[in-house]
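The structure under discussion appears below in the form of structure tokens.
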Amino acid sequence: MGIEYGFPMDDKELDRMDLCHIKYSALLDKRLFLAPITEAPQRILDLGCGTGIWCIDMAEEFPGAQVVGVDIAPTQPEWVPPNCQFELDDIEEEWTWKENSSDLIFCRDLILAIRDFPRLINQCYKNLKPGGWAEFHCVTGVLRCDDGSVPKDSHFQAMSDNLKIACERFGTPVDDPTRWKGWFQDAGFQNVTENIFKLPCGPWPRDNRLKLIGAWEQHNLLNNLEGMTMRLFHKGLGWTEDEILVFSAMLRKDIRNLNFHAYWPYYVVYAQKPFNTEAPAETGADTTTDAAPVNTPDATPPVP
9 MGIEYGFPMD DKELDRMDLC HIKYSALLDK RLFLAPITEA PQRILDLGCG
59 TGIWCIDMAE EFPGAQVVGV DIAPTQPEWV PPNCQFELDD IEEEWTWKEN
109 SSDLIFCRDL ILAIRDFPRL INQCYKNLKP GGWAEFHCVT GVLRCDDGSV
159 PKDSHFQAMS DNLKIACERF GTPVDDPTRW KGWFQDAGFQ NVTENIFKLP
209 CGPWPRDNRL KLIGAWEQHN LLNNLEGMTM RLFHKGLGWT EDEILVFSAM
259 LRKDIRNLNF HAYWPYYVVY AQKPFNTEAP AETGADTTTD AAPVNTPDAT
309 PPVP
């Protein structure tokens, strides 16, 4: 795996992971996935399943499917739907599951855990049935603002810039999701589709749904700041603990500033394994979209 898990695996962290699931589902209009699956899947694989909440929701939505969640940490509940199960494994190692066996492979929020996404995507290709879908979700961690309200010399911007540098030194670039589409195409997938959603970093949007999503993300940032930055900034940038604590105190003020219209680009890329695996992959039409735009006082341009 990539960076060692930076948060203590306690009840607080498990609650945070479940809240992130609710937040992302709300961002996607309560959809668990976006791939246009036309038939009920028989086998669903969730890579890095965390608490297993996505698996449980999928098992309830597709009672005829076998849903398998895999993670390196045993953080999943014991009482789950009968068609849901969990396995302990490292998905960056060679997979032992049967090839051509899954209808849908899902992966979310593993940007700091995966060093080699092209290899992971190739393993997805082998494991999927012909016609099956792989779908990856993740926040890039590259702070964006469309109206210039976040100063370039702010601690918020500095956090994003330093996060990018630290993660590159660990071999887990935070902007890897921007390259997912090309890597899926290189692996032989077809109908590769990229959607970019805007996840507000605070309750500043006018839209009530996005305001609530932003409040959840603000809570996530404020309550997990030291855990998110301590290991990255200490080992990646050489900062002392005192330097990190002082920086975090200033950063909290920026996170609470509702005049800062900051957001994270949230990437969703899904792709289909060809039915005829010997045929050349199709790239499809223009598939990059700016979904769920955030309302600002001024018009919000698309994410490039």
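When we follow my numbering, the leftmost residue of the sequence shown carries the number 9, and every step to the right adds one. Quick reminder that beta carbons are idealized off the backbone N, C-alpha and C, glycines included. Please read these numbers as outputs of a predicted model, since none were measured by experiment.
Kindly indicate which residue of L171, D65, G58 and L207 has the alpha-carbon position closest to the one of Y318. Nothing in the structure corresponds to residue 318, since the chain is present only between 9 and 312.
Please work out which residues of its chain come closer than 6 Å, Cβ to Cβ, to V200, disregarding the five sequence neighbours upstream and downstream, and give them in chain order. Correct list, in chain order: K189, F192, Q193 and A279.
Contacting residues, own chain, Cβ-Cβ under 7 Å from K106 (five flanking each side not counted): Short of 7 Å from the beta carbon of K106, and not among the five residues preceding or following it, lies no beta carbon of its own chain.
Going by C-alpha distance, which of N108, L42, C115 and C63 is nearest T285? When only C-alpha atoms are compared, the closest one is N108.
I'd like the list of long-range same chain contacts for Q93, defined as Cβ closer than 8 Å, with 5 residues on each side in sequence excluded. Cβ within range, chain order: Q74, V75, V76 and G77.
Measure the alpha-carbon distance for F41 versus Q84 and round it to whole angstroms. Each residue's alpha carbon lies about 20 Å from the other.
Closer than 6 Å by C-beta to A287: which residues in its own chain qualify, once you throw out the five before and the five after it? Chain order, please. Any reading at A287 must be qualified, since the residue scores a pLDDT of 46, below 50, and its modelled position is unreliable; the value itself is stated next. Excluding residues within five positions, none has a Cβ falling inside 6 Å.
For A2, which option in H242, I263, T186 and F205 has the closest C-alpha, if you only look at C-alpha atoms? Because the chain here runs from 9 to 312, residue 2 falls outside it and cannot be looked at.
How long is the line joining the alpha carbons of E95 and G56, rounded to whole angstroms? Each residue's alpha carbon lies about 10 Å from the other.
Counting only C-beta atoms, is W62 closer than 8 Å to chain B at any point? The structure shown contains no chain B; it is built from a single protein chain.
Does the distance from the CB of L128 to the CB of I122 come in under 8 Å? By the CB criterion at 8 Å, L128 and I122 fall inside the cutoff.
To test your reading of the DSSP string, which unbroken beta strand (DSSP E) runs of 3 or more residues are found completely within the segment 50 to 115? DSSP runs (the beta strand (DSSP E)) wholly in the segment 50 to 115: 51 to 55, 74 to 79 and 92 to 96.
Should I30 go down as buried or exposed, given a rule of 16 or more other Cβ atoms within 10 Å for buried? So I30 ends up on the exposed side.
Extent of the continuous alpha helix (DSSP H) to which L220 belongs: Element bounds for L220: N216 to N231.
Count the other CB atoms, across all protein chains shown, that sit within 10 Å of the CB of T248; report buried if there are 16 or more and exposed otherwise. Around the C-beta of T248, fewer than 16 other C-beta atoms lie within 10 Å, and the residue is accordingly described as exposed.
Can you give me the C-alpha to C-alpha distance between D111 and T180, rounded to a whole angstrom? Rounded to whole angstroms, the separation of the alpha carbons of T180 and D111 is 28 Å.
DSSP-derived helix/strand/coil call for P126: In the structure shown, P126 sits in a helix (DSSP, three-state: H, G or I).
Quick one: using the 10 Å Cβ neighbour count with 16 as the cut-off for buried, is I204 buried or exposed? Label assigned to I204: buried.
Are the Cβ atoms of F114 and E143 separated by less than 8 Å? Yes. Within cutoff.
With H269 and D155 assumed to form a contact (beta carbons below 8 Å), what rounded beta-carbon distance in angstroms separates them? Right, their Cβ atoms sit about 6 Å apart.
Beta-bridge pairing of T201 - partner residues as DSSP gives them: Y278.
Bridge partners - E143, DSSP secondary structure assignment: Under the DSSP definition of a beta bridge, E143 partners with F114 and Y278.
Excluding the 5 residues flanking D124 on each side, which residues of the same chain have their C-beta closer than 8 Å to its C-beta? Within the same chain, and ignoring the five residues on either side of D124 in sequence, the residues whose Cβ sits closer than 8 Å to its Cβ are E100.
Mapping DSSP to helix, strand and coil, what is W272? Under the three-state reduction of DSSP output, W272 falls in the strand class.
I'd like to confirm the pairing. Which residues does DSSP put opposite L136 in its beta bridges? DSSP links L136 through a beta bridge to S110.
Considering just the uninterrupted stretch of the alpha helix (DSSP H) at F178, what are its terminal residues? That run of the alpha helix (DSSP H) goes H163 to F178.
Spatial distance of S162 from S168 (CA atoms): Their Cα atoms are separated by approximately 10 Å.
So what's K160 in DSSP terms, helix, strand or just coil? Judged by DSSP in its simplified three-state form, K160 adopts coil rather than helix or strand.
DSSP three-state call for P185: helix, strand or coil? Reduced to three states, the DSSP call for P185 is helix.
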